[in-house]
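Trainee: The following block contains the structure, expressed as structure tokens.
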Amino acid sequence: MLDVQHTGQPSVTRREDYLVPDWMVPETSLDFALDPAATTVEATLSVERNGEHDRPLRLDGDGLTPELVRVDGEDWSNWCMDGPTLVIELPGASHTVETRVTICPERNTQLMGLYSSGGILCTQCEAEGFRRITFFPDRPDVLSRYKVRMTADKARYPILLANGDPVASGDAGDGRHWAEWGDPFPKPSYLFALVAGDLAANRATFTTQSGRDVQLAIWVREKDLPRTDHALHALKTAMAWDEATYGREYDLDVFNIVAVDDFNFGAMENKGLNIFNSRYILADPDTATDYDYDGIAGVVAHEYFHNWSGNRITCRDWFQLSLKEGFTVFRDQSFSADQGSHAVKRIEDVRALRAAQFPEDAGPLAHPVRPDAYQEISNFYTATIYNKGAELIRMMATMLGPQRFRAATDLYFDRFDGTAATCEDFVTCMEEAGGIDLIQFRRWYSQAGTPRVTATLTHEAGGGRAVLSLRQTVPPTPGQPVKEPMVLPLRIKLFGSDTGAELGDEHLVLLSGESEEIIFEGISERPVLSINRGFSAPVIVETNRTPADLAFLSARDDDPFARYEAMQQLMLDTLVASVTHGRAEHDNVVEAVRNTLGDETLDSAFIAEAVLLPSESFIGDQMPLVDPEAIHRAREALRRDLGRSLEREWRAAYEQAKANRFEYSPAAKGARRLKTVALGYITASGAPDAASLAFVQFEQADNMTDRQGALTTLAGGTSDERVAALDIFYNRYSDNSLVLDKWFSTQALSARDDTPEQVEQLARHPDFKLSNPNRARSLIGAFSVNQRAFHDASGRGYRFVADQLIALDKINPQTAAKLLPPLGRWKRVDAKRAEMMRAELERILAVPGLSKDMFEQASKSLE
Ligand code: PHE
Ligand code: ZN
């Protein structure tokens, strides 16, 4: 499978090599005779020579054999195969080219192209899956108008869907039927989609701001219909939000969403026919957590927002992927923030960035938001492209302010509608409509690595002056040894440590040099620094603030994110000291948590976030070398102390939140969150009734958030209740694969000493199957972020992950390659562990027939 060129090296695609397409394809007509074992695809392309040249038409293919090639209605012999690519010599400036191929959806385990999931035929084409369906110039800057005809067995596939609007349908005889769909909007091939299956719809009508009616439908198997209301509601809310916030209206008469169980990512924004991983559609209180509900609303909105940021304006080439993904993540984050608490949403987004993107940026797979080269594009659907890309948009929005940012997005949508654009095009619109210069800011697109800011505040009491010294460094990353300074928008404010008063307004400081000094006049009392408020720049900040300063800010800062951050920093400093010196004073943290718990001005959701200790991995990220055992011990010790010292407070918080009946509202969600956080601390205190308290919560829960919260608490311990709860949970939900995923992941994430063994056993469980990406991720993905278990000193965790990935690569290379990065972080651990991790990477690389996806990830990880 590894595609090796004549040099023996896998081929590399470079951004600087971009050339405009040789041929355009204004019209595409596809005819599918659908069958799971053998589907024939007849394609009719109108092609037009682009510019003055005599090069042939090159049509990408992947595993396809042409059964017929015709040009302008005549059989054509002037073609050949160049590897997987069909090369056709054409005499004139425009022609009609017809091809026919046969493909086998039921044997497509990669889940790219046309495949079968639970009896539903569906497609996934981004990034380069369309070439597994038919021969085509499979690149995002070739926009074509599509007509699609499908014929299929009527009983097995009563519903036939494709992009755009339905045109006609009818009976085809022999128990078969047909349907035709037409998409009036020119689109790149990666947005093509079709679905055939026995599906039922949850329908609604949305009236757009200009008064057009759009027929909405969410298609699932009949039995899943009762779990689609939340997604449908989220869709309507997102459609209205995009009109109100960005002035963007939907453009077709229908909008269809289909949920399937086997899907490589979260969902896909195909024009007018989004296809979703069922985990981002299906929810009811008994089976989905609040976190799942939020995820569904966020992903439904994300895919819908792509209709403008992605589909109406697409990407010129895959190096521009963040043009659509960074912007669309920013849009979905803003949408979700508007549905509940802005503060809590920001905390969650920053936590996700730090958990996934910061380690990526600090490791062997670091790459810029606009990469320069790739071997396999599927490997670049990363936290850097998505989440850091969103932070770049957020920084520009911060610098422009809301009015000018809206003017800039209006300009962007207006100027580039119907085209394939670049990140540069987007930034130019920000500059023009924002009236600012973003020359230096563009380095955020080209330089990888998380900038580090050192902020030192000094006070000259006599002169009434405070001086803030800022320094930035951008660390070296693979291929980029030397970095230039970036533009860092830092929201800053000072507070008086005696009076607690604000010493002046908030400033937006644009740090652009390597170092800078900012002078504050008229500062008579000792100031405390609140910096990077709202996480205005995606950087690491080091300050000279004392534990008392941090405790002060955690109780007094008026920016909720800064308040949370001060508490996190206090906890981190304490934990790092304790890992380094074997012990540390816990009093500051205990008092700060006590204050937060008792602050009646705060809502439960915020309190729950603020009192949660940083994860073991995040603590590890602060250390020069990760000692997983020492980190675990230090964190458990602090948890125990917090549990014991504040036992009364935790129990009070628990009792108060318990009164809550299920409702999906921000307040009810906050109460549930705080309840389970409190249960965790009560358990950590070692209280003898903790397991039975958790078991009662588990049994009496009227919703999955409480039930899974209790299960997670029990799963980390050694009580009899743990075994009982895991069994009850399994039996109760054995026919619901999304809930069984939770059963697997809860055990893989457990803090128990025997987690590595448990996980090996779970991989032999009859319900474990690598072919379903959600299930594979629920065990392998969850286990490899369980820092202590994954880094078990025996090396069995590494071996387990490598074994699984080698097996998975033969089934689904894309999903396998996505799970590899934790094995590549060997530079972060001691020499013995590093040696074992490298040995597993070598073992993976030695597998005959390894995919290009895995080859790229594993070989880069060894460097
Ligand atoms: N474009 C999809 C999204 O972010 C993600 C995706 C990529 C899905 C590749 C499938 C394959 O919305
Ligand atoms: Zn997206």
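Each residue of the sequence shown is one higher than the one before, starting from 7 at the first, in our numbering. For each residue, glycine too, the CB sits at the ideal point set by N, CA and C.
1. What residue range does the beta strand (DSSP E) around Gln820 cover?
2. Examine the ligand GDP and report whether any of its heavy atoms sits within less than 7 Å of the Cβ of Tyr387.
3. Are the stretch 405-419 and the stretch 428-444 touching by the rule of at least three beta carbon pairs closer than 8 Å?
4. Is Pro634 helix, strand or coil by DSSP?
5. Can you tell me which of the three DSSP states Arg589 falls into?
6. Is it right to say Ile6 is buried, meaning 16 or more other beta carbons lie within 10 angstroms of its own, or is it exposed?
7. Assuming Phe261 contacts Gly272 under a Cβ cut-off of 8 Å, what Cβ separation, rounded to an integer in Å, is found between them?
8. CB of Phe261 to nearest heavy atom of the ligand PHE: below 7 Å?
9. With a Cβ-Cβ cutoff of 8 Å, do Gly519 and Pro491 count as a contact?
10. Who does Ser122 pair with in a DSSP beta bridge?
11. Do you know offhand how far Gln381's Cα is from Ser452's?
12. Whose CA, out of Arg834, Val835, Asn818, lies closest to the CA of Arg113?
13. Okay, do the stretch 66-74 and the stretch 137-157 touch, 3+ Cβ pairs below 8 Å being the bar?
14. Could you tell me whether any non-hydrogen atom of the ligand PHE is closer than 7 Å to the CB of Glu766?
15. When DSSP labels each residue in this structure, what does Thr607 get in the three-state scheme?
16. Output the distance between the C-alpha atoms of Leu847 and Ile812, rounded to the nearest integer angstrom.
17. Ends of the beta strand (DSSP E) at Gln221?
18. Give the range of the alpha helix (DSSP H) segment to which Thr761 is assigned.
19. Let me know if Cys86 comes out buried or exposed under the rule of 16 or more other beta-carbons within 10 Å of its beta-carbon.
20. Shorter than 8 Å from the beta carbon of Phe212 to some beta carbon of chain C?
21. From Asn313 to Met274, what does the alpha carbon distance come to, in whole angstroms?
22. Are the beta-carbon atoms belonging to Thr821 and Leu814 less than 8 Å from one another?
23. Name the one or two DSSP bridge partners that Trp314 has.
24. Ordered along the chain, which non-local residues of its own chain (more than five positions away) have a Cβ less than 7 Å from that of Ala583?
25. I'd like to know whether the C-beta atoms of Gln883 and Gly528 end up nearer to each other than 8 Å.
26. Cβ of Val807 within 8 Å of Cβ of Ser790?
27. What does the Cβ neighbour count give for Lys748, buried or exposed, with the cut at 16 atoms within 10 Å?
28. Can you tell which of Arg667, Leu200, Ala246 has its C-alpha closest to the C-alpha of Thr872?
29. Quick one: using the 10 Å Cβ neighbour count with 16 as the cut-off for buried, is Thr13 buried or exposed?
30. If Arg758 and Gly722 are in contact, beta carbons under 8 Å, what's the gap, nearest whole angstrom?
31. For Ile525, count neighbouring C-beta atoms within 10 Å of its own C-beta (all shown protein chains included) and say buried if the count is 16 or more, exposed if not.
32. Who does Leu54 pair with in a DSSP beta bridge?
33. From Leu717 to Ala700, what distance separates their C-alpha atoms?
34. Relative to the ligand PHE, is the shortest distance from any of its heavy atoms to the C-beta of Glu382 smaller than 7 Å?
35. The ligand ZN and Glu397: does the residue's C-beta get closer than 7 Å to at least one heavy atom of that ligand?
36. Where DSSP assigns a beta bridge to Arg471, which residues make up the other side?
Mentor: Per the coordinate set shown:
1. Counting along the chain, Gln820 falls outside any beta strand (DSSP E), though it belongs to the alpha helix (DSSP H) covering 819-824.
2. Annotation note on the ligand GDP: not contained in the displayed structure, which lists the ligand PHE and the ligand ZN as its ligands.
3. Under the three-pair Cβ rule at 8 Å, the stretch 405-419 counts as touching the stretch 428-444.
4. helix
5. coil
6. Any property of residue 6 remains undetermined from this structure, which presents the chain solely from 7 to 869.
7. For a cut-off of 8 Å, the C-beta gap from Phe261 to Gly272 is around 18 Å, too long to register as a contact.
8. no
9. yes
10. Leu127
11. 18 Å
12. Asn818
13. With the cut-off at 8 Å, the stretch 66-74 and the stretch 137-157 touch.
14. no
15. coil
16. 10 Å
17. 219-226
18. For Thr761, the enclosing alpha helix (DSSP H) covers residues 761-768.
19. exposed
20. Protein chains in the displayed structure number just one, and chain C is not present.
21. Taking the Cα positions, Asn313 is about 11 Å away from Met274.
22. yes
23. Looking at the DSSP assignment, Trp314 forms no beta bridge with any residue, so it has no partner.
24. Ala590
25. Given a span of 7 to 869 for the chain in the structure shown, any question on residue 883 remains unanswerable.
26. yes
27. buried
28. With the chain covering 7 to 869 only, the question about residue 872 has no answer from this structure.
29. In this predicted model, Thr13 has a pLDDT of only 45, less than 50, meaning its place in the structure is not dependable enough to derive any value.
30. 6 Å
31. exposed
32. In the sequence under discussion, the amino acid at residue 54 is Glu, which differs from the Leu named in the question. In the DSSP output, where bridge partners are listed per residue, Glu54 has Met30, Ser100.
33. 8 Å
34. no
35. no
36. For Arg471, which the question treats as bridged, DSSP gives the partners Glu466.
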